[in-house]
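K.L.:
Counting along the sequence shown from 1, when you hit position 226 you're at 226 in full-length UniProt numbering, and nothing is skipped either side.
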Amino acid sequence: MQGGSTGIGYGLKYQARCIADVKADTDHTSFIAGTLCLKEENEVHLIRLSSDGTDLVCEGLFSHPNEIWDLASCPFDQRIFSTVFFNGESYGAAIWQIPELYGQLNSPQLEKIAALDAHSGKIKSVLWWPSGRNDKLISIDEQNLFLWSLDSSKKTAQVQSQESAGMLHSLSGGAWDPHDVNAVALTSESAIQLWDLRTMKMTNSIEQVHTRNVDFDAKKSNILVTAEDESGIRIWDLRMLKAPITELPGHAHWTWTVRSNPEYDDLILSAGTDSSVNLWLAPSQSSEEVTPESLLESPTKRVDPLLYSYSDYEDSVYGLAWSSREPWVFASLSYDGRVVVESVKPHLPRK
1 MQGGSTGIGY
11 GLKYQARCIA
21 DVKADTDHTS
31 FIAGTLCLKE
41 ENEVHLIRLS
51 SDGTDLVCEG
61 LFSHPNEIWD
71 LASCPFDQRI
81 FSTVFFNGES
91 YGAAIWQIPE
101 LYGQLNSPQL
111 EKIAALDAHS
121 GKIKSVLWWP
131 SGRNDKLISI
141 DEQNLFLWSL
151 DSSKKTAQVQ
161 SQESAGMLHS
171 LSGGAWDPHD
181 VNAVALTSES
191 AIQLWDLRTM
201 KMTNSIEQVH
211 TRNVDFDAKK
221 SNILVTAEDE
231 SGIRIWDLRM
241 LKAPITELPG
251 HAHWTWTVRS
261 NPEYDDLILS
271 AGTDSSVNLW
281 LAPSQSSEEV
291 TPESLLESPT
301 KRVDPLLYSY
311 SDYEDSVYGL
321 AWSSREPWVF
331 ASLSYDGRVV
341 VESVKPHLPR
351 K
């Protein structure tokens, strides 16, 4: 089903690509978004859904010195987040703290807790372990993976270990497995790499895939969802990587982002450069159910379980975030700076 948005809108002042759920805010449905403007001072917006669910309120507006290419919220402290930024000449990454607001809209400056300044290459992404408190962070540049230890009280971040993916690989991002604190999936130009942080070594890979984004299934272990240029959306069981267990058509142009729902099984969001957001229900066998025999009996199927397509955006959609507090709510961010918060409840199948 395809149609327009019935969601709640909010406009950023400049173009933007990054939005994240503020997981640590357990009292409100909140999102944080960052702008992408080379010639003006950029902004970070703290946005909150009103208690009656009818309005988006700006709880804080902060200046950020450079254009923001990646943004992630700390899962255990609602005032802390990370950015990857570009100053016109080089890329950098830092951990920031939002000041105490006390109801002020024109808030004090962001406080920089730590600079992730060990990189010599182009930084792509910063990852927080998604489920609960962990003082470790991961930063990724085109060739290297860094594991950091963050002490927010002392305002320091120290490199614990690092490893190179090799000159033949150009890393672009990744995701941290919510079921295993030692496992991450990294995306590169032609492969998905699975790494063990204890040894800082690659343990497996999916070759010949052009993946733009990955996300782990929060409810089922060993399940990875990928957004790929040519193949749309694929769902993989990490124990058997010869073929995906499910394939979805994706978008009319590049499928840019995928997000698995934090609570509802098999519910996936995707966004693309065709100016749309798609809601999928894509049943995948859990790792406990998958056996080599069952995969042989049920070869990969192309299915199209599209529940709804939100198609009235005017620009490419690069940012997606489910709310962990209200898992039927998500926020999208299109390149023109438009934030839309939607509820998927009307499109979920009735049991």
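The C-beta atom is built at its ideal place from N, Cα and C for all residues, glycine as well.
Hey, quick one: how far does the beta strand (DSSP E) through K112 stretch, first residue to last?
P.N.:
Translated into positions along the sequence shown, residue 112 becomes position 112. Its beta strand (DSSP E) spans residues E111 to A115.
K.L.:
In the DSSP assignment, what are the bridge partners of G11?
P.N.:
Counting from one through the sequence shown, the residue named residue 11 turns up at place 11. Bridge partners of G11: R338.
K.L.:
Can you tell me whether K124 is buried or exposed, with buried defined as 16 or more other CB within 10 angstroms of its CB?
P.N.:
For the purposes of this step, residue 124 is taken as the residue at position 124 of the sequence shown. So K124 counts as buried.
K.L.:
Pick out whichever of Y264, I268, G92 and D77 has its Cα sitting closest to the Cα of P99.
P.N.:
Start at 1 with the first residue of the sequence shown, and residue 99 comes out as number 99. For the residues Y264, I268, G92 and D77, the minimum Cα distance to P99 belongs to D77.
K.L.:
Just to confirm my understanding: we take D21, look at its own chain, exclude 5 residues before and 5 after, and list those with CB closer than 7 Å. What are they?
P.N.:
For the purposes of this step, residue 21 is taken as residue 21 along the sequence shown, with counting starting at 1. Excluding sequence neighbours, D21 sits near F31, S73, A321, W322, S323 and S324.
K.L.:
At a cut of 8 Å, does the region 11-27 reach the region 328-347 through at least three beta carbon pairs?
P.N.:
The region 11-27 vs the region 328-347: in contact.
K.L.:
Checking the sheet assignment: what are the DSSP bridge partners for T187?
P.N.:
Numbered from 1 along the sequence shown, position 187 holds the residue referred to as residue 187. G173 and I192.
K.L.:
Excluding the 5 residues flanking S152 on each side, which residues of the same chain have their C-beta closer than 7 Å to its C-beta?
P.N.:
Taking the sequence shown and counting its residues from 1, one reaches residue 152 at position 152. Here the set comprises D77, I80 and I113.
K.L.:
If I measure Cβ to Cβ from E43 and keep anything under 8 Å in the same chain, skipping five residues before and after, which residues do I get?
P.N.:
For the purposes of this step, residue 43 is taken as residue 43 along the sequence shown, with counting starting at 1. Cβ within range, chain order: L12, K13, Y14, G34, T35, L61, F62, S63 and H64.
K.L.:
Tell me where the beta strand (DSSP E) around Q97 begins and ends.
P.N.:
Counted from its first residue, the sequence shown places residue 97 at position 97. Unbroken beta strand (DSSP E) run through Q97: Y91 to Q97.
K.L.:
Under 7 Å, do T273 and S316 count as touching if we go by C-beta distance?
P.N.:
Sequence index remark: in the sequence shown, residue 273 carries index 273 (1-based). Sequence index remark: in the sequence shown, residue 316 carries index 316 (1-based). For T273 and S316, yes; Cβs fall inside 7 Å.
K.L.:
Residues in the same chain with beta-carbon distance under 8 Å from G121, minus the five sequence neighbours each way, listed in chain order, please.
P.N.:
As a position in the sequence shown, residue 121 is number 121, starting the count at 1. Hits under 8 Å: D141, E142, Q143 and N144.
K.L.:
With three or more beta-carbon pairs closer than 8 Å as the criterion, would you say the region 161-173 touches the region 190-202?
P.N.:
As far as the Cβ criterion goes, the region 161-173 touches the region 190-202, which means the pair count is three or higher.
K.L.:
Quick one, which of A118, I95, L116 and H119 has its alpha-carbon nearest L110's?
P.N.:
Taking the sequence shown and counting its residues from 1, the one referred to as residue 110 is at position 110. The shortest Cα separation from L110 among A118, I95, L116 and H119 belongs to I95.
K.L.:
Can you tell me which of the three DSSP states K201 falls into?
P.N.:
Residue mapping note: residue 201 aligns to position 201 of the sequence shown, counting from 1. In this structure, K201 counts as strand in the three-state DSSP scheme.
K.L.:
Helix, strand or coil: which one does DSSP assign to H210?
P.N.:
By one-based count along the sequence shown, residue 210 stands at place 210. In this structure, H210 counts as coil in the three-state DSSP scheme.
K.L.:
Check whether the Cβ atoms of I206 and L248 sit closer than 7 Å, and answer yes or no.
P.N.:
If you number the sequence shown from 1, residue 206 lands on position 206. If you number the sequence shown from 1, residue 248 lands on position 248. No; because the gap between Cβ atoms is not below 7 Å, this pair is not in contact.
K.L.:
By Cβ distance, which residues of its chain are closer than 6 Å to T211, with the 5 residues on each side in sequence left out?
P.N.:
Walking along the sequence shown from the start, residue 211 turns up at place 211. Once the five neighbours on either side are set aside, the close Cβ partners of T211 are T187, I192, T226 and E228.
K.L.:
Check each candidate in G88, P75 and G53 and name the one with the smallest Cα separation from W69.
P.N.:
Locating residue 69 in the sequence shown gives position 69, where the first residue counts as 1. Out of G88, P75 and G53, G88 has the C-alpha closest to the C-alpha of W69.
K.L.:
Is it buried or exposed for H45, if we count other Cβ within 10 angstroms and need 16 for buried?
P.N.:
In the sequence shown, residue 45 corresponds to position 45, counting from 1. By the neighbour-count rule (16 or more Cβ atoms within 10 Å), H45 is buried.
K.L.:
DSSP state of H253, grouped into three classes?
P.N.:
As a working mapping, residue 253 is identified with position 253 in the sequence shown. Correct three-state label for H253: coil.
K.L.:
If we count the other Cβ atoms within 10 Å of its Cβ and call it buried at 16 or more, is T29 buried or exposed?
P.N.:
Mapped onto the sequence shown, residue 29 falls at position 29. That one is buried.
K.L.:
Can you tell me whether H119 is helix, strand or coil according to DSSP?
P.N.:
One-based indexing of the sequence shown puts residue 119 at position 119. H119 falls in the coil class under three-state DSSP.
K.L.:
How long is the line joining the alpha carbons of R302 and G7, rounded to whole angstroms?
P.N.:
What you label residue 302 is simply residue 302 of the sequence shown in a count that begins at 1. What you label residue 7 is simply residue 7 of the sequence shown in a count that begins at 1. Confidence is the limiting factor: at R302 the pLDDT is only 44, short of 50, which leaves the residue's position unreliable, though a coordinate-based value still follows. Cα to Cα, the separation comes out at about 30 Å.
K.L.:
What would DSSP say about K220, mapped onto helix, strand or coil?
P.N.:
Stepping through the sequence shown from its first residue, residue 220 is reached at position 220. In the structure shown, K220 sits in coil (DSSP, three-state: anything other than H, G, I, E or B).
K.L.:
By how many angstroms is the C-alpha of W176 removed from the C-alpha of D135?
P.N.:
By one-based count along the sequence shown, residue 135 stands at place 135. By one-based count along the sequence shown, residue 176 stands at place 176. Those two C-alpha atoms are separated by around 14 Å.
K.L.:
Cα separation between H179 and L194?
P.N.:
Sequence index remark: in the sequence shown, residue 179 carries index 179 (1-based). Sequence index remark: in the sequence shown, residue 194 carries index 194 (1-based). If you take the alpha carbons of H179 and L194, they lie about 14 Å apart.
K.L.:
Could you tell me whether the Cβ atoms of S149 and Q160 are closer together than 7 Å?
P.N.:
Against the sequence shown, residue 149 aligns to sequence position 149. Against the sequence shown, residue 160 aligns to sequence position 160. Yes, these two residues count as a Cβ contact at 7 Å.
K.L.:
What three-state label does DSSP hand K124 in the structure shown?
P.N.:
As a working mapping, residue 124 is identified with position 124 in the sequence shown. If DSSP states are grouped into helix, strand and coil, K124 belongs with the strands.
K.L.:
Would you tell me roughly how many angstroms separate the C-alpha atoms of S82 and R133, rounded to the nearest one?
P.N.:
Along the sequence shown, read from residue 1 onward, the residue named residue 82 stands at position 82. Along the sequence shown, read from residue 1 onward, the residue named residue 133 stands at position 133. Taking the straight line joining both Cα atoms gives about 15 Å.
K.L.:
Taking N42 as part of the beta strand (DSSP E), name the residues at either end of that continuous run.
P.N.:
By one-based count along the sequence shown, residue 42 stands at place 42. Note, N42: beta strand (DSSP E), N42 to L49.
K.L.:
At what residues does the beta strand (DSSP E) containing E247 begin and finish?
P.N.:
Here residue 247 is taken as the residue at index 247 of the sequence shown, counted from 1. Unbroken beta strand (DSSP E) run through E247: T246 to L248.
K.L.:
Could you spell out the range, first to last residue, of the beta strand (DSSP E) harbouring L320?
P.N.:
One-based indexing of the sequence shown puts residue 320 at position 320. V317 to W322 is the extent of the beta strand (DSSP E) around L320.
K.L.:
Among residues of its own chain, excluding the 5 on either side of R259, which ones have a beta-carbon nearer than 6 Å to its beta-carbon?
P.N.:
Numbered from its first residue, the sequence shown carries residue 259 at position 259. So the qualifying residues of the chain are D215, L269, L320 and W322.
K.L.:
Would E67 be called buried (16 or more neighbouring beta carbons within 10 Å of its own) or exposed?
P.N.:
Locating residue 67 in the sequence shown gives position 67, where the first residue counts as 1. So E67 ends up on the buried side.
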